[in-house]
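Residue numbering for the first sequence follows numbering that gives the first Met the number 0, beginning at 0 and increasing consecutively. Idealized CB from N, CA, C, for every residue including glycine.
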Amino acid sequence: MKETLLALLQQAVDQLKADAVIPSDLSVRLQVTHTKDKSHGDLASNIAMMLAKPAGLPPREVAQRVIGALPESSAINKVEIAGPGFINFFMAQDAQSEVVRSVHDQAAAFGHSNAGQNKPVQVEFVSANPTGPLHIGHGRGAAIGDSICRLLRATGWDVTAEFYYNDAGQQINNLAHSVQARCLNLTPDDEQWQKDWYQGEYIIDVANDYMAKKTIDAEDQHVEGKGDSQDLDAIRHFAVAYLRREQDLDLKAFAVDFDNYFLESSLYQDGKVEETVERLIANGYTYEDGGALWLKTTAFGDDKDRVMRKSDGGYTYFVPDVAYHLNKYQRGFKRVVNEQGSDHHSTITRVRAGLQALNLDIPQGYPEYVLHQMVTVMRGGEEVKISKRAGSYVTLRDLIDEVGRDATRYFLAARRAESQLTFDIELAKSQTNDNPVYYIQYAHARVCSALRKLNELNRDYEETLGLQHLDKLTLPAETDLMDKMSQFPELVKSAAEQCEPHVIAHYLRELAALLHGYYQLGSDQPELRWITDNNELTQARLCLISAVKQVIHNGLALLGVTAPEKM
RNA sequence: GCGCUCGUAGCUCAGCUGGAUAGAGCGAACCCCUCCUAAGGGUUAGGCCGCAGGUUCGACUCCUGCCGGGCGCACCA
Numbered sequence: 000m001k002e003t004l005l006a007l008l009q010q011a012v013d014q015l016k017a018d019a020v021i022p023s024d025l026s027v028r029l030q031v032t033h034t035k036d037k038s039h040g041d042l043a044s045n046i047a048m049m050l051a052k053p054a055g056l057p058p059r060e061v062a063q064r065v066i067g068a069l070p071e072s073s074a075i076n077k078v079e080i081a082g083p084g085f086i087n088f089f090m091a092q093d094a095q096s097e098v099v100r101s102v103h104d105q106a107a108a109f110g111h112s113n114a115g116q117n118k119p120v121q122v123e124f125v126s127a128n129p130t131g132p133l134h135i136g137h138g139r140g141a142a143i144g145d146s147i148c149r150l151l152r153a154t155g156w157d158v159t160a161e162f163y164y165n166d167a168g169q170q171i172n173n174l175a176h177s178v179q180a181r182c183l184n185l186t187p188d189d190e191q192w193q194k195d196w197y198q199g200e201y202i203i204d205v206a207n208d209y210m211a212k213k214t215i216d217a218e219d220q221h222v223e224g225k226g227d228s229q230d231l232d233a234i235r236h237f238a239v240a241y242l243r244r245e246q247d248l249d250l251k252a253f254a255v256d257f258d259n260y261f262l263e264s265s266l267y268q269d270g271k272v273e274e275t276v277e278r279l280i281a282n283g284y285t286y287e288d289g290g291a292l293w294l295k296t297t298a299f300g301d302d303k304d305r306v307m308r309k310s311d312g313g314y315t316y317f318v319p320d321v322a323y324h325l326n327k328y329q330r331g332f333k334r335v336v337n338e339q340g341s342d343h344h345s346t347i348t349r350v351r352a353g354l355q356a357l358n359l360d361i362p363q364g365y366p367e368y369v370l371h372q373m374v375t376v377m378r379g380g381e382e383v384k385i386s387k388r389a390g391s392y393v394t395l396r397d398l399i400d401e402v403g404r405d406a407t408r409y410f411l412a413a414r415r416a417e418s419q420l421t422f423d424i425e426l427a428k429s430q431t432n433d434n435p436v437y438y439i440q441y442a443h444a445r446v447c448s449a450l451r452k453l454n455e456l457n458r459d460y461e462e463t464l465g466l467q468h469l470d471k472l473t474l475p476a477e478t479d480l481m482d483k484m485s486q487f488p489e490l491v492k493s494a495a496e497q498c499e500p501h502v503i504a505h506y507l508r509e510l511a512a513l514l515h516g517y518y519q520l521g522s523d524q525p526e527l528r529w530i531t532d533n534n535e536l537t538q539a540r541l542c543l544i545s546a547v548k549q550v551i552h553n554g555l556a557l558l559g560v561t562a563p564e565k566m
């Protein structure tokens, strides 16, 4: 419907250029919006106000000219000039109802597009250190990152979801020592216990399994516990494998899948870190000072230069990061999205600076970042404090077990990434209308329920017949639903472009509200029920609500939330 | 102190990359089940969009400066 109008407007603009009302070389960005207020029609354009200046005419007069140049179309019922110069379009009913047909035709693909033209994009998210279970912050990253992947896939991108394991740094040494200490039956109260060791209970489990010579059996790794408390390398190897498996299981329970797992250690093994460093040196962006090797990140907008190689010979964390992103680029990912916690935002400048300093024509804004803010967990009005060192924190697994996967995913993805998020466990668990997840899912189930009811009445759902009688759907509640559904494809497109899954969550809440309102009409006036004595009308209505059901299904799928048939 | 980010109804949040009188939900006050799930619907109340300037036909949206919250400012990750 919107596309139709855009095409018509384009013709009108071309005509105005031909008539020399506006300069022929003027590039015009056509804008058509869905109106908030139905008295303003269905769609509106601000084109006249945009063209007022180049045309040298008052906006309302330009509007008159645009309308005059508009080709005849059966899709448009009425056109009005309003306010400062808006052109309001009242669309014909059959132009509105065509969306119902589209949904039936395209089904699960409705809302999808080929905007990405099958180009490769890599999305890196979660990327937690394998030093402990995933917590709610990782959960937010997982929910957002995975939804971004789904959005990009839906819009025609060739997506690779990747998890980067920092399995080579100091944190891993701390992990190994922590496990070793537990193997030796040390506790955090002992004098030998160092303060940067991990105190969590799970470390004891790792130590016990290692000593019991258990085997870690996962997709890409098979590691046996050696049972030797003196072999730190073996402990490290086992502990990392153990925790990676735990994290994988958590993610699986969260319905988050990765196409690739990338190990930081492999960058060292393959000499990629050395290679990167040498290239940076060769390009003249480094210097030695105080026994350390520095990168001139200030040449690329950083506050100060950064140490690459410490005086003890070790690399700082961002060096393998640069090597890793070079690797991404060389793997052919011209577009990369990194979803991570905003507490890591200082890496952005460094990684980008490092990539620029390689002189390989990697674009300046590479890679893209989506940063999410912290999550505060509330239980019964009390904040649940998260402290990793002390081992007392809300794990993702706990949340999934207590709250459920769907609600957890929805709540973590329903807010803009940049805003802080308060996760209310009681609210997420509640199965009432307070809870948007159930509200939306119920709308889906409600349609399913109506179709079941039809069967109980020994009547059939006749889709073809219904689609032939969509013109009978003229109630405001019905056209509102059509209008809302017709917005879905553009919404998905923009959500994917902006990497903003939360808009899908909000949209679904609104669509569900319209559906519930439509249902409720039948309480007051039986003739407004979905199932009536008039079969043609009934079938048309069933087509409409089936379409809504499909759109809710498609939208929830983008968030990784299920759409139950029954609740 | 510097950088990033946020500041919209009592609370939790939207506001489509500048558009028409700022929207939802919860909470508050009422109202609606002989009816396809009341896991629902309706009505009312509630706002100097943090503050002050600027940009223009037009600003919650863009720019600048303050104020306030979060995060980050290591030869840590």
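- In the three-state reduction of the DSSP assignment, P22 falls in the coil class, being assigned neither a helical nor a strand state.
- Considering only G521, D247, N282, L185, the residue with the shortest C-alpha distance to Y164 is D247.
- In the displayed model, V125 falls within coil according to three-state DSSP, outside both helix and strand.
- Taking C-alpha positions only, L464 is separated from G403 by approximately 40 Å.
- Within the segment 180 to 234, the complete alpha helix (DSSP H) segments at least 4 residues long are 200 to 210, listed from N- to C-terminus.
- Positions of the alpha helix (DSSP H) runs, each at least 4 residues long and wholly inside the segment 47 to 91, are given as 58 to 68 in order along the chain.
- A distance of 9 Å or more separates the beta carbons of R149 and H371.
- For S265 and P563, the gap between their C-alpha atoms comes out near 42 Å.
- Per DSSP, F332 lies in no alpha helix (DSSP H) and is assigned neither H nor E.
- Here A556 is not near L520, since their CB atoms are 9 Å or more apart.
- Remark: C-beta atoms of N259 and T375 do not approach each other more closely than 9 Å.
- Here DSSP, grouped into helix, strand and coil, assigns Q519 to helix.
- The beta carbons of R378 and I424 sit about 5 Å from each other, so the pair counts as a contact at 8 Å.
- Within the same chain, K16, A17 come within 8 Å of S23 by CB-CB distance, once the 5 residues on both sides are set aside.
- The DSSP-derived three-state label of Q339 is strand.
- In the same chain as P488, and ignoring 5 residues on each side of it, the C-beta atoms closer than 6 Å to its own belong to G110, in chain order.
- The segment 113 to 131 and the segment 82 to 90 do not touch, with fewer than three beta-carbon pairs separated by less than 8 Å.
- Looking at the backbone, the Cα of T32 and that of L242 are separated by about 49 Å.
- For T478, the enclosing alpha helix (DSSP H) stretches over residues 475 to 485.
- Put simply, the backbone Cα of A281 is about 12 Å away from that of L294.
- Put simply, the segment 268 to 280 does not touch the segment 330 to 345. Fewer than three CB pairs are less than 8 Å apart.
- For the set L453, R451, E381, D459, the Cα lying nearest the Cα of L426 is the one of E381.
- For I21, the CB contacts under 7 Å within the same chain, skipping 5 residues up- and downstream, are L15, L50, P53, A54 in chain order.
- Pairing A546 with Y438 gives a Cβ-Cβ distance that is not under 9 Å.
- In this structure, C498 lies near V369, with their beta-carbon atoms less than 9 Å apart.
- Here E263 is buried: its Cβ has 16 or more other Cβ atoms, across all protein chains shown, within 10 Å.
- Here the C-alpha atom of V560 lies approximately 26 Å from the C-alpha atom of N128.
- Apart from sequence neighbours up to five positions away, the residues of its chain that approach T478 with a beta-carbon distance below 6 Å are Q95, ordered along the chain.
- The C-beta separation of L536 from H468 comes to about 7 Å, placing the pair in contact by the 8 Å criterion.
- Here V99 is not near I86, since their CB atoms are 9 Å or more apart.
- Secondary structure at S96: helix, using DSSP grouped into helix, strand and coil.
- With a cutoff of 9 Å on beta-carbon distance, I544 and R458 are scored as not near each other.
- Between E455 and M484, the alpha-carbon positions lie close to 29 Å from each other.
- Between the alpha carbons of R305 and T296 lies a distance of about 6 Å.
- Rounded to whole angstroms, the separation of the alpha carbons of V78 and G40 is 8 Å.
- Boundaries for F253: no alpha helix (DSSP H) harbours it, and the DSSP string shows neither H nor E there.
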